[in-house]
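Just remember that our numbering sits 931 ahead of the position in the sequence shown, which is counted from 1. Working notes for the structure below.
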Amino acid sequence: MSLDTITSSIDDAVSGFFEPIAKWLGDIVFYSVPVAGTQLPLIVAWLVVAGLVFSGWFGLVQIRKFRLAVDVVRGKYDEKGSAGEVNHFQALTAAVSGTVGLGNIAGVAVAVSIGGPGATFWMILCGLLGMATKFVEVTLGVKYREVHADGSVSGGPMHYLPKGLTERFGARGKTLGKVLAVLASAMILFFGLFGGNLFQVNQSYAQLVSVTGGESGMMGSSAGALFFGILIAAIVGIVLLGGIRSIASVTSKLVPAMAGIYIAACLVVIVVNVSALPSAISSIIEGAFNPEGVAGGVLGALIVGFKRAAFSNEAGLGSAPIAHSAVKTKHPASEGLVALLEPFIDTVVICTMTALTIVIANPASWGEARKGESIGGVTITSDAFGTVLPWFPYILTIAVMLFAISTVLTWGYYCMKAWTHLFGRSKASELTFKVMYTLFAVAGSLLTLQTLIDMADAVLFMLAVINIIGLYLLAPVVKRELNSFLAYVRRRDAGLDTEADEDEDQEPVKTTV
């Protein structure tokens, strides 16, 4: 029996068993209501409303404190002797690597095909709102993190939900928090294995096959798939062994490189077609408020744009706080401010560059997709670049590979923290997880398991419901932390001594074995 036959049999068996479950779960999580001729997924509304609420609650912190956030990333307000494993820049790149991925390349193309150019405007707006949500959840992640005896750090919703709710509501909050922590860990683990690992490897392999001769090319065989999977698994396994320090070291170089390559290519297309730039910008703005051929009109374009941004930057989903919690700082809100840059980079910059490139280049495949033809998002984006750079599919393949590897690495870290929360931090437990995670990377090049990937998306967005309820309940804590950090900044800018003044209202980070 050939390897292809075996993998096909596995795919069919898994799909047959899980398809009813995935459909049932997806119908619940992504339940949509008809609005003005289009469908509004309530989970997207839930994420957008959270962004609006936190933007108002914290006085548009994403705009007023944007420059301060950049200064913190640059190290201007670093504090000596802070607990943690990585600096602000490394924490940011590690978290960004978990969100910047194929969605920025393929997902955006789908958005501007369904919602027209105007979807870009609403995507940007949703990204700006998501900055406030990200600020809140990451501040809580650092506030309630645990520093272990070996210096490693654990954080995320599985920590701030039980601790924060206990602190605010006593015994009732403690019981609820423990239940939510277990659910959060299970959801993160499930999504990470299938969405953050297997799917990323699968899609990057598909792109590699497409530029190396297709199914009949050198990578199109089952042997080529197995080789690719083992190679990716080896890279992931080696980096995972080093923990967040190793992951941050890699992503702090990989993320700027992959973003630089991709943005540079976008700029080449834009510069070559610079005369079309004003018209493209005009079509984006006009399409946002007066779209033609879009189901639901303005609201239809808005929903598509919001949906793409919400799925892309993961603001409110509770994943990013896990990476940010490892930062070296004594003021949780300092990293919260750093984190608000994440949706800006992911959605406002990279997603917008993709959309602008497609609108300006106007490839034939985009026109066909807007008429209802079934064309893959990566194909549309690749064709847009191909109008100026015929050889760009090869560069796009490199970008996809970098995006995929960085995402797999970051989600490996997220999953390990969820795993150890559920099964303990022993060396045997961690080794078991790392072996399992690398095997999933190998499987990613051989299997599609689309049903489980769809199920993983639903599970991750279920976490958003739990997480955002917690964020609302704990927002007053974030307000205190922000005021505390701003007071520290004012003292430091004034040249006052801050070494002995570690803010009396700052509670020590809990250390565990």
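Heads up, the beta-carbon is just placed ideally off N, CA and C, and yes, glycines get one too.
Beta bridge counterpart(s) of residue i as assigned by DSSP
{"i": "L971", "result": "V964"}
{"i": "S1180", "result": "In DSSP, S1180 forms no bridge with anything."}
{"i": "V1017", "result": "V1258"}
Residue-level contact to chain C via CB, residue i, 8 Å cutoff
{"i": "L1162", "result": "Absent from the structure: chain C. Only one protein chain is present."}
Residue i, buried or exposed, once every other Cβ within 10 Å from all chains shown has been counted against 16
{"i": "D958", "result": "exposed"}
{"i": "W955", "result": "exposed"}
{"i": "W1322", "result": "exposed"}
{"i": "S940", "result": "exposed"}
{"i": "N1244", "result": "buried"}
{"i": "I1036", "result": "buried"}
{"i": "V1452", "result": "Here the chain covers residues 932 to 1444 and nothing more, so residue 1452 does not appear."}
{"i": "R995", "result": "exposed"}
{"i": "S1357", "result": "exposed"}
{"i": "F1275", "result": "buried"}
{"i": "L934", "result": "exposed"}
{"i": "I937", "result": "exposed"}
{"i": "Y1325", "result": "exposed"}
{"i": "S1305", "result": "exposed"}
{"i": "V1205", "result": "exposed"}
{"i": "P1263", "result": "buried"}
{"i": "N897", "result": "No statement about residue 897 is possible, as the shown extent of the chain runs from 932 to 1444 and does not include it."}
{"i": "S1147", "result": "exposed"}
{"i": "A1300", "result": "buried"}
{"i": "A1080", "result": "exposed"}
{"i": "D943", "result": "exposed"}
Close-in-space but distant-in-sequence residues of the same chain around residue i (CB under 7 Å, 5 per side omitted)
{"i": "P1439", "result": "Low confidence applies to P1439: its pLDDT is 48, below 50, so where it sits in the model is not reliable, and the reading given next is rough at best. Around P1439: no qualifying Cβ."}
{"i": "Y1008", "result": "D1002, S1265, V1420, R1423"}
{"i": "G1087", "result": "G1072, G1249, P1252, I1253, S1256, K1348"}
{"i": "G1145", "result": "G1151"}
{"i": "S1214", "result": "P1048, V1290"}
{"i": "V1397", "result": "Checking the sequence shown, residue 1397 turns out to be Ile, not Val. Result list for I1397: L1111, L1114, A1115, in chain order."}
{"i": "E950", "result": "T1382"}
Separation of residue j from residue i, as counted between CA atoms
{"i": "I1384", "j": "G1101", "result": "38 Å"}
{"i": "S1135", "j": "V1331", "result": "6 Å"}
{"i": "R1103", "j": "K1094", "result": "12 Å"}
{"i": "L1445", "j": "L1171", "result": "The requested residue 1445 is not part of the displayed model; the chain covers only 932 to 1444."}
{"i": "L1413", "j": "A1042", "result": "35 Å"}
{"i": "S1013", "j": "T1070", "result": "16 Å"}
{"i": "I952", "j": "V945", "result": "11 Å"}
{"i": "S1141", "j": "I1212", "result": "32 Å"}
{"i": "G1401", "j": "P972", "result": "21 Å"}
{"i": "M1367", "j": "G1375", "result": "12 Å"}
{"i": "F1125", "j": "V1390", "result": "11 Å"}
{"i": "L1353", "j": "G1082", "result": "20 Å"}
{"i": "L1092", "j": "E1077", "result": "13 Å"}
{"i": "G1317", "j": "I1163", "result": "27 Å"}
{"i": "A1359", "j": "F1371", "result": "19 Å"}
{"i": "V1229", "j": "K1261", "result": "45 Å"}
{"i": "K1020", "j": "E1010", "result": "Note that residue 1020 corresponds to Phe in the displayed sequence, not to Lys. F1020 and E1010: Cα-Cα distance of roughly 14 Å."}
{"i": "G1343", "j": "L1060", "result": "27 Å"}
{"i": "L983", "j": "F1121", "result": "29 Å"}
{"i": "R1411", "j": "F1159", "result": "49 Å"}
{"i": "A1050", "j": "A1207", "result": "19 Å"}
{"i": "T1106", "j": "R1099", "result": "13 Å"}
Nearest residue (CA-CA) to residue i, options the options
{"i": "I1045", "options": "G1236, R1005, S1147", "result": "G1236"}
{"i": "R1176", "options": "F1392, Q1138, P1324, T1024", "result": "T1024"}
{"i": "Q993", "options": "E1098, I1201, M1149, L1271", "result": "L1271"}
{"i": "T890", "options": "E1098, I1336, L1059, F1159", "result": "Since the first residue of the chain shown is 932 and the last is 1444, residue 890 is not available in this structure."}
{"i": "P1048", "options": "P1407, F1364, A1000, S1210", "result": "S1210"}
{"i": "Q970", "options": "L1268, I1329, L1233", "result": "L1233"}
{"i": "V1309", "options": "F1020, S986, Q1138", "result": "Q1138"}
{"i": "A1395", "options": "L1378, S1116, S1206", "result": "S1116"}
{"i": "K1238", "options": "G947, I974, L1370", "result": "I974"}
{"i": "F1364", "options": "V1167, L983, W988", "result": "V1167"}
{"i": "A1195", "options": "F1334, T1285, A1050", "result": "T1285"}
{"i": "Y1403", "options": "A981, Y962, D943, V966", "result": "A981"}
{"i": "E1217", "options": "K1302, W1053, E1299, E1016", "result": "W1053"}
{"i": "D1277", "options": "A1292, V1258, A1246", "result": "A1246"}
{"i": "A976", "options": "R998, T1051, C1057", "result": "C1057"}
{"i": "V1199", "options": "K1105, A1292, L1417", "result": "A1292"}
Residue i: CB within 7 Å of a non-hydrogen atom of the ligand ADP
{"i": "D1009", "result": "For the structure depicted, the ligand ADP is absent and the ligand set is empty, with no information on it obtainable."}
Cβ-based neighbour list, residue i, same chain, cut-off 8 Å, excluding 5 preceding and 5 following
{"i": "I1289", "result": "V1039, A1040, V1043, W1297, I1311, T1312, A1315"}
{"i": "T1341", "result": "A1025, A1026, S1028, G1029, G1127, I1178, T1182, A1254"}
{"i": "Y1345", "result": "G1029, G1087, I1119, G1123, G1127, S1250, I1253, A1254"}
{"i": "L1329", "result": "Reading off the sequence shown, one finds Ile at residue 1329, where the question assumed Leu. Only I1192 meet the Cβ criterion."}
{"i": "M1149", "result": "T1143, G1155"}
{"i": "A1000", "result": "L1268, V1269, L1271, L1272"}
Contacting residues, own chain, Cβ-Cβ under 6 Å from residue i (five flanking each side not counted)
{"i": "G1231", "result": "T969, V1225"}
{"i": "E1273", "result": "A1026, V1027, K1065"}
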